[in-house]
Structure formats: C-alpha cells, structure tokens
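Using my numbering, the first residue of the sequence shown is number 15, and each one after it goes up by one.
Idealized CB from N, CA, C, for every residue including glycine.
Every value quoted in this text rests on a predicted model; they were computed, and no experiment measured them.
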Amino acid sequence: MSTASSPPSVPVILNPSARNGAVAKRIEPLQTAFAANGMEAVLVESTSEQNASDLAAGFAARGAPIVVSLGGDGLVRAIAAGLVGTSTSMGIIAGGRGNDFIGKLGIPKDIAAAAAVVANGRDRSIDVLDLDGKICVGNVSLGLDSAVQEYADSVRRIKGHWVYLYGVVRAIAQPRRIDLTLTIAGERVSFRGLSAGFANSGRYGGGLKLSPEAKLDDGLIDVVLLKDAFLPKLGAELVSFTLGKHNLHPNIHFSHAREIHIATPKGAPPVEIVADGDAVARTPATVKIRPESLKVRVPAGQEQ
Numbered sequence: 015m016s017t018a019s020s021p022p023s024v025p026v027i028l029n030p031s032a033r034n035g036a037v038a039k040r041i042e043p044l045q046t047a048f049a050a051n052g053m054e055a056v057l058v059e060s061t062s063e064q065n066a067s068d069l070a071a072g073f074a075a076r077g078a079p080i081v082v083s084l085g086g087d088g089l090v091r092a093i094a095a096g097l098v099g100t101s102t103s104m105g106i107i108a109g110g111r112g113n114d115f116i117g118k119l120g121i122p123k124d125i126a127a128a129a130a131v132v133a134n135g136r137d138r139s140i141d142v143l144d145l146d147g148k149i150c151v152g153n154v155s156l157g158l159d160s161a162v163q164e165y166a167d168s169v170r171r172i173k174g175h176w177v178y179l180y181g182v183v184r185a186i187a188q189p190r191r192i193d194l195t196l197t198i199a200g201e202r203v204s205f206r207g208l209s210a211g212f213a214n215s216g217r218y219g220g221g222l223k224l225s226p227e228a229k230l231d232d233g234l235i236d237v238v239l240l241k242d243a244f245l246p247k248l249g250a251e252l253v254s255f256t257l258g259k260h261n262l263h264p265n266i267h268f269s270h271a272r273e274i275h276i277a278t279p280k281g282a283p284p285v286e287i288v289a290d291g292d293a294v295a296r297t298p299a300t301v302k303i304r305p306e307s308l309k310v311r312v313p314a315g316q317e318q
C-alpha cells in the first residue's frame, strides 16, 4: 500500500522463460524506467499460463487500476484472461519474439517509451476472442499458421521476427492441406485449403498480417480462408491482400462473423488450433467475439 510520499506500486507479471530467459535482462531497465515515471514496479513471476491468469485476476479483485505484462504474446493472452470483464487495465512491456499485439496497439517495444505509456497513456476497451472459454487477444488459426509456428520454434540460430519469416518460407515450401467444416454466421461451409484464420488484431508472426484491415473494437471476427491453389499464384494474391487490395485474390475468401464453429468432416482427424502463436486446442471448437471486454493502456491520443 503506497503512501502519499511513495510512488504508486504497479504489479508487473513476468514470464521468466520468455525468449529462453532473455526477459530477465529487461527487469532492471524496466525498474529504472518505471521509477523515472514516478512508479514502483512490483515484479511477480508466473509459473504457468494459468498462474499468470490467476495472478492478474487476483490483482483486479483487489482493485488494482493496472496490471502489466512483461513477456510475449502468450503472457499477454494469459493476463488478458484474468482481466477480461474487469475495470483493471492491462499494460504491456515487450519481452517476447513477435510482440504482435503491441504492434497493433501502437505500444513501442522500447522499455522506457512503453513505461511512459503505462504511466501517461489512456485506457482503451477492445474486443477479445473466446475459444471455448479460452481468451485470445490476437488471432485463432488452423493450417498454415500452425506449420509456421512449428518451424519457427524448431530453429535457434535465427532471432527476432526473422524466425517467423523462416517459418513462412518452410511452411509454403511444404504445404499441408486441411479439411474443415465451418459454420460461419449460421452458414455451413465445407473448406479444403492451406489456412483458416479468425482475426481480432490481424497481426502475427512478428509483423505479418493475417487481415490488414482488422479492428480491435468493431465487434467482429475477420474470417480469412486460404484455398488450395497453385502456390506461386497464391503467394502473389497474399501480397495484394496484405496491401488491402481485396478484389485481387480469388483464392482468398474474406468475410466477417461474430461466431464460428470449427469442425472436421466425418472420419477426418482433428486439426490443431493456434491462438496468439501457441497451440491451445483441437477441433471441434467454437470461437466467439466478446466486444469491448478488455481494457488496455495505449498511447494517449493514438487509435489503431
């Protein structure tokens, strides 16, 4: 409990294993940056994703105005699960490889600049995805993204967001097709292709864009389906799609929905589901939007 003469205490939940332990090097700069902005960082290590969620929920129940994440997108997802539906805001200090969510929010990767956002930014209410009770802040995907993540996790010599580009190249070079039965906004769709994505933020893989026009507060899920097509042609369509030219991609289906049921055809094996860069479930599953249910601290005057 802070006194009138002491700086306000801000809980910072960190993942000590993020980036193979490299997050530990960010602790001292974070403490210095918080002090420079009149705050005291109270560091709490999480032992698991569920533990991080429980810690965040506990701080919210005790009336903490903000809880800060120091880690990657997986830790952001875990803390968001503990804060969703509360009046406590989430602050974010980058500590992972991709850091895609803060890129969408306009939060800088620099520790000092991000600490200034925690101290002087504003609270913004955003949507989250609900995958059978699991909270996701960015995207839910099946197929290509799962392979990209698998290849990215398998390499150690490539650093930062370049590891995701490596994963994309490997995944496209050896594509795996998936068969799904989707119910999108009440309409049943049979799908065979390379990837099915359901976006809230639209960013993944260290800056790649699943859905360039996705908005965090429109109450909608962006549905992006990559059909089975001649790969060079599909690659060209992906470039134009990323640039926002939605009339130049006959093999990329784009739509919006508030709820999607994901299943596989009868007799087909289940398909792995990736949320915010981590494999979290298998089909069948249902993903829903929970509009404006999470508060996040963002730069003052900035909207993305």
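Annotation for S67: A92, A95 and G96 place their beta carbon closer than 6 angstroms to its own, counting only its chain and skipping 5 residues before and after. At the C-beta level, A289 and D146 stay beyond 8 angstroms of one another. For the pair K229 and V310, the Cα-to-Cα distance works out to about 14 angstroms. Here the segment 297–304 makes contact with the segment 143–157; the two share three or more CB pairs at distances below 8 angstroms. T197 places its beta carbon 8 angstroms or farther from that of T278. Taking a cut-off of 8 angstroms on C-beta distances, the segment 103–111 touches the segment 78–87, as three or more cross pairs fall below it.
Within a 10 Å sphere around the beta-carbon of T61 sit fewer than 16 other beta-carbons, which makes this residue exposed.
Shown here, T46 sits in a helix according to DSSP, grouped into three states. If you compare the alpha carbons of G86, L234 and S225 with that of R304, the shortest gap goes to L234. For R40, there is no enclosing alpha helix (DSSP H), since its DSSP letter is neither H nor E. DSSP, read as helix, strand or coil, puts K280 in coil. A check of alpha carbon separations from L239 across L89, A210, E227 and N214 identifies A210 as the nearest. Of the candidates V285, S20 and T100, V285 places its Cα closest to the Cα of F205. A distance below 6 angstroms between beta-carbons, with the five flanking residues on each side excluded, links A71 to the following residues of its chain, in chain order: G96. Counting only residues of its own chain and dropping the five nearest sequence neighbours on each side, A314 has a CB closer than 7 angstroms to the CB of N134, G135 and R136. Beta-bridge annotation (DSSP): L239 is paired with A210 and H267. In this structure, the CA atom of G291 is about 13 angstroms from the CA atom of N214. Here R138 is buried, its C-beta having at least 16 other C-beta atoms within 10 Å. Only buried fits P25, as 16 or more other CB atoms lie within 10 angstroms of its CB. Contact annotation, P21 with E54: C-beta distance approximately 5 angstroms; criterion of less than 8 angstroms satisfied. For K229, the three-state secondary structure derived from DSSP is coil.
Membership of S20 in any alpha helix (DSSP H) is not indicated, and neither H nor E is assigned to it by DSSP. Residue state for S62 is assigned as coil, using DSSP reduced to three classes.
C-alpha of A282 to C-alpha of S23: approximately 52 angstroms in a straight line.
Beta-bridge partners assigned by DSSP to S204: T195.
Under DSSP, E54 shares a beta bridge with S23. By the beta-carbon neighbour count (other beta carbons within 10 angstroms, threshold 16), D124 is exposed.
Counting along the chain, A295 sits inside the beta strand (DSSP E) bounded by residues D292 to R296. Of all alpha-carbon atoms in E63, D231, I116 and V237, the one lying nearest the alpha-carbon of G88 is that of E63.
When DSSP reads this structure, A75 sits in no beta bridge, so it has no partner.
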